[in-house]
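Right, one structure below, let's go through it.
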Amino acid sequence: MTLDVSVRHRLDAFSLDIAFSTDGGITALFGRSGSGKTSLIRILAGLIRPDEGYVRLDGETILDTTSRTVTPPHRRRFGTVFQEGRLFPHLSVRQNLLYGRWFSKAPVGTGDIERIVDLLGIAPLLARPTANLSGGEKQRVAIGRALLARPRLLLMDEPLAALDDARKAEILPYLKRLRDETDIPILYVSHSVTEVTQLADRVLMIENGRLTASGTASEMLSLPGSSAAISRREAGTVIEARVAPHQPDPRIVKVAAGGLTFWLVGTERLPGQRLRLRTAARDIMLATKRPEGLSALNIIEGVITGMEPSGRDQVDVALDCAGTRLTARITSVSADMLGLAPGMPVHAVIKTVALDP
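Sequential numbering from 1 applies to the sequence shown in full-length UniProt numbering.
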């Protein structure tokens, strides 16, 4: 699946001017609230007609203002999931799910329904009225309804934004299954680094209605200052890793990332399983000599490749660690005391519990 988009639109004082192309998987539209992400989703869904531009899916023209081609929203077969479930309150969960069938060109069989119910873990909810569902349950039902319409593209507009942390933790595993067990391409709107780290294959950085950068999640979420949407506390590094075949201690997990070895908390990992790790820049300490007598298990050798000021009296230190990039945030006083400079070898110290898989 290839989605090609180039649109320009003015909404009062705000202007949107974005062009991109993406292939399959989950593509995250990442940026602060008000950056234009939702407006772009509404254009793709057919809820807003842009002033200029086009939308093409696998070579089919969905929208082209030049030729005045406009496919109505109900014929685009783009499923949309909003921040709130927007379920029909007078229908049960089963009836809400089955409503999605009416938008599918091909008949939806019992097997398809059972597969989606199992995928989203909503079998126990089928007979319940929607008023008795939690926020996370409502979102899973809304996703199921969208999937039963057999969409060619799934648009998800901050589907977890209205949920608390506990409900987000409940629904994220189901979104991962959706990514891994279906072939439906997804555009996922978010300003949460945690969500994007766990779910996205590709990230489009959007600021003030413009596309400022794009790349893999590891590239985009590991660049110092890559987006104003990444808060100072969230700035850090995303690392692609794989669980090692041999685990010397059952209480922790050994993973390999390029030429590096990391130790993580948690035991329910399978050898060879792929993981995406994230560590905040503020959780990495630096030492000019290999330290001893520490509780931290991750002591990584690296070379300083760059240093950039980060806020008041702080410095972001970029490291090359056997081909893996890390970023440590330390005070400028510490940098001066250690005499840090580009090209200098150092050791990065990361607590095991600071690595989020």
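Note that the Cβ used here is the ideal one computed from N, Cα and C, for glycine as well.
C-beta atoms of residue i and residue j nearer than 8 Å
i: A169; j: D283; result: no
i: V317; j: L340; result: yes
i: L153; j: F20; result: no
i: T216; j: T279; result: no
i: A146; j: A28; result: no
i: L160; j: I171; result: yes
i: V315; j: A335; result: yes
i: R167; j: G135; result: yes
i: I41; j: L155; result: yes
i: G209; j: F14; result: yes
i: G100; j: P72; result: no
i: M285; j: P342; result: no
i: L126; j: L133; result: no
i: S92; j: R128; result: yes
Interface flag, residue i vs chain B, CB-CB below 8 Å
i: E170; result: Among the protein chains of the structure shown there is no chain B, as only one such chain exists.
Per-residue burial, residue i [other beta carbons within 10 Å of its own, 16 or more giving buried]
i: K176; result: exposed
i: R49; result: exposed
i: Q198; result: buried
i: R329; result: buried
i: K37; result: buried
i: D157; result: buried
i: P248; result: exposed
i: T67; result: The displayed chain sequence assigns Ser, not Thr, to residue 67. By the neighbour-count rule (16 or more Cβ atoms within 10 Å), S67 is not buried but exposed.
i: A322; result: exposed
Same chain, Cβ closer than 8 Å to residue i, five either side skipped, listed in chain order
i: L11; result: S39
i: D313; result: T331, S332, V333
i: Q95; result: F88
i: Y174; result: L119, L120, G121, R140, I143
i: A257; result: I239, E240, A241, R242, L277, T324
i: T352; result: I252, W263, L264, V265, A296, L297, N298
Proximal residues to residue i (C-beta, below 6 Å), its chain only, five neighbours per side dropped
i: H9; result: L16, P50, D51
Those residues which DSSP pairs with residue i across a bridge
i: N298; result: I350
i: F14; result: L11
i: A318; result: G306, T327
i: A200; result: For A200, which the question treats as bridged, DSSP gives no partner whatsoever.
i: K176; result: Paired residue(s): none; K176 is not in a bridge.
Beta-carbon contacts of residue i that lie in its chain and below 7 Å, excluding the five residues immediately before and after
i: E84; result: A162
Q: With a floor of 3 residues, list each beta strand (DSSP E) that falls wholly inside the region 103-168, ordered by position along the chain.
A: Those beta strand (DSSP E) runs which fall completely within the region 103-168 and span 3+ residues are 153-157.
Q: Any chance you could list the beta strand (DSSP E) runs of at least 3 consecutive residues sitting entirely within the region 223-294, in chain order?
A: 236-243, 252-257, 260-265, 274-280, 284-287
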